[in-house]
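Under the numbering used here, the very last position in the sequence shown is 275; numbers go up by exactly one each time.
Below you'll find the structure, written out as structure tokens, and then a few comments.
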Amino acid sequence: MNNTERYKAVINWFEKNMPVAESELSYDNPFQLLVAVILSAQCTDKRVNIVTEKLFSRYHTAEELASASVEEVFGFISSVTYPNNKSKHLVEMARVLVERFDSVVPSDPLLLQELPGVGRKTANVVSSIIFGKPVIAVDTHVFRISRRLGLSDKTTPLGVELELTANIPEEKRARAHHWLILHGRYICVARKPKCEQCGLRKWCLHYHVHGGADLHESCSG
55 MNNTERYKAV INWFEKNMPV AESELSYDNP FQLLVAVILS AQCTDKRVNI VTEKLFSRYH
115 TAEELASASV EEVFGFISSV TYPNNKSKHL VEMARVLVER FDSVVPSDPL LLQELPGVGR
175 KTANVVSSII FGKPVIAVDT HVFRISRRLG LSDKTTPLGV ELELTANIPE EKRARAHHWL
235 ILHGRYICVA RKPKCEQCGL RKWCLHYHVH GGADLHESCS G
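Printed below as a string of structure tokens:
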């Protein structure tokens, strides 16, 4: 099976079996999604949603968060991963958003990356979900699944992103991001993937190479 055939088969399977694929983060506006995505780095969406429910009830706008102290914010997000850094990033991000962007979350991924705590992945997530930009964010799930399936053999998130972007049609990229995340979150998990439950076995490179769930450690993302 060549690269084009594999992409076509995988995309067709997802379109048929996962027609609705959306973020599992809770948010009401672009600012809230930006905060939630920053918090979600190496943390579960479930935990982030618990934290942001209280955080957003205290800080409704970028202005309110910008005027908060790092210590105050830390008190709300202490149960997520890396709360010290994230509390600093959130306050700094809000201040820059207010001062440079008039509190409006920019739609351009490059402008988003000018905000403290916002890297390429976070920028792509926000611009894709909120503004419909044809970009693909590569987190640990997307990186792992893309390599396992054989969609990419690149060894960096940027390399995988560029290869996915080159092979997935623009109108499907936003959903493809969520297809891969959700598949990695619930089926093709990092350790002992549930190959027996996976409808993509037929086209999965590592399933055929390694014979199932006992995948090589380098594929765990």
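Note that CB positions come from ideal geometry on N, CA and C, so glycine has one too.
None of the values given here were measured: they were computed from a predicted structure.
The alpha helix (DSSP H) that contains residue i, what's its start and end?
i      : result
Arg181 : Per the sequence shown, residue 181 should be read as Ser rather than Arg. 174–185 is the span of the alpha helix (DSSP H), which, as asked, contains Ser181.
Lys248 : Unbroken run through Lys248: none, as it is neither H nor E.
Asn66  : 57–71
Ile131 : 124–131
Ser141 : 137–155
Glu78  : From DSSP, Glu78 is part of no alpha helix (DSSP H); its letter is neither H nor E.
Counting only beta-carbon atoms, is residue i nearer than 7 angstroms to chain D?
i      : result
Leu151 : The displayed structure is made up of one protein chain only, and chain D is not part of it.
Apart from the five residues on each side of it in sequence, which residues of its chain come closer than 6 angstroms, Cβ to Cβ, to residue i?
i      : result
Leu269 : Low confidence applies to Leu269: its pLDDT is 47, below 50, so where it sits in the model is not reliable, and the reading given next is rough at best. Excluding sequence neighbours, Leu269 sits near His260.
Ile183 : Ser77
Arg60  : Gly204, Trp257
Any idea what DSSP makes of residue i, helix, strand or coil?
i      : result
Val263 : helix
Gln96  : coil
Thr209 : coil
Leu254 : coil
Ser121 : coil
Glu225 : helix
Ile199 : helix
Gln167 : coil
Val74  : coil
Thr115 : coil
Ile104 : helix
Gly204 : coil
Pro188 : coil
Pro160 : coil
Val89  : helix
Val134 : coil
Ala241 : Strictly speaking, residue 241 in this sequence is Ile, with Ala absent from that position. Here Ile241 sits in coil by DSSP.
Leaving out five residues on either side along the sequence, give the residues of the same chain with a beta carbon under 7 angstroms from the beta carbon of residue i.
i      : result
Val102 : Leu79, Ala90, Leu93, Ser94, Val134
Ile131 : Leu93, Val105, Leu109, Pro137, Lys140, Ser141
Asn71  : Gly253
Taking the alpha carbon of residue i as the point to measure from, which residue in the options has its own alpha carbon closest?
i      : options                        : result
Arg202 : Ala220, Val180, Gly238, Arg227 : Gly238
Ala230 : Val74, Lys100, Thr98, Ala120   : Val74
Arg245 : His195, Thr209, Pro211         : His195
Val124 : His264, His143, Lys208         : His143
Thr98  : Trp233, Ala116, Thr209, Asp193 : Asp193
Glu69  : Leu234, Cys242, Val263         : Leu234
His232 : Met55, Ile65, Tyr113           : Ile65
With a threshold of 8 angstroms on Cβ separation, who are the neighbours of residue i within its own chain once the five nearest residues in sequence on each side are excluded?
i      : result
Arg255 : Cys249, Tyr261
Ser206 : Ser200, Gly213, Val214, Glu217, Leu218
Ser181 : Ser161, Asp162, Pro163, Leu166, Lys187, Val189
Arg227 : Ser182, Pro188, Val189, Ile190, Leu218, Thr219
*Report yes or no: do three or more beta-carbon pairs, one from the segment 245–263 and one from the segment 106–120, lie closer than 8 angstroms?*
The segment 245–263 is not in contact with the segment 106–120.
*asked:* Using a Cβ distance threshold of 8 angstroms, determine whether the segment 167–181 contacts the segment 218–228, with at least three qualifying pairs required.
replied: Contact between the segment 167–181 and the segment 218–228 is absent, because fewer than three Cβ pairs lie under 8 angstroms.
*asked:* Pairs of beta-carbons, one from the segment 123–140 and one from the segment 151–161, closer than 8 angstroms: are there three or more?
replied: No, the segment 123–140 is not in contact with the segment 151–161.
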